[in-house]
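Residue numbers (our numbering): -15 to 117. Below is one structure, written out as structure tokens; comments come after it.
Here's what the structure looks like:
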């Protein structure tokens, strides 16, 4: 569960004994990370459901809020285990577009803005032939 070397594990064990509530939160966080190590999608969905129930029973408000959010978006979250696809690429492109918009401080018309998006995000190459005289 906890992935630490020997000399780093000792202070964590000591803190776990001294502070049970934060250690419960740390344990839940580490257990949540384990869901990504499960290869079978059905087992991963079952483990996530098990973890969600543990988070609700922990009486730790941030984890309860997160568990309720998982329940609300359950179908979208578990699709990750079938496809292993995320929207990270789209988020990155959106961040580039927002940066482009801020850097330009506005465009005169939408066509110019769309052209700049294509120019910056599409990785277009403009290889012009060199004219020799």
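Ideal Cβ positions, reconstructed from N, Cα and C, are used throughout, including at glycine.
Buried or exposed by the 16-neighbour rule on C-beta atoms within 10 Å, applied to residue 36: Residue 36 sits at position 52 when you count from the first residue of the chain shown. Burial call: buried.
Opening and closing residue of the alpha helix (DSSP H) in which residue 43 lies: Here residue 43 refers to the residue found at position 59 when the chain shown is read from its first residue. Run containing residue 43: none; DSSP gives neither H nor E here.
Reference residue 29, options 60, 8, 3, closest by Cα: What you label residue 29 is simply residue 45 of the chain shown in a count that begins at 1. When only C-alpha atoms are compared, the closest one is 60.
Residue 39 beta carbon less than 8 Å from that of residue 47: Here residue 47 refers to the residue found at position 63 when the chain shown is read from its first residue. Here residue 39 refers to the residue found at position 55 when the chain shown is read from its first residue. Cβ distance < 8 Å, so residue 47 and residue 39 count as in contact.
Residues near residue 12 in its chain [Cβ-Cβ closer than 8 Å; skip 5 each side]: Stepping through the chain shown from its first residue, residue 12 is reached at position 28. Here the set comprises 35, 38, 39, 42, 44, 47.
Burial state of residue 86 (16 or more Cβ within 10 Å): Working through the chain shown from its first residue, we reach residue 86 at position 102. With fewer than 16 Cβ atoms within 10 Å of its Cβ, residue 86 is classed as exposed.
N-terminal and C-terminal residue of the alpha helix (DSSP H) that residue 115 is part of: Indexing the chain shown from 1 puts residue 115 at position 131. Run containing residue 115: none; DSSP gives neither H nor E here.
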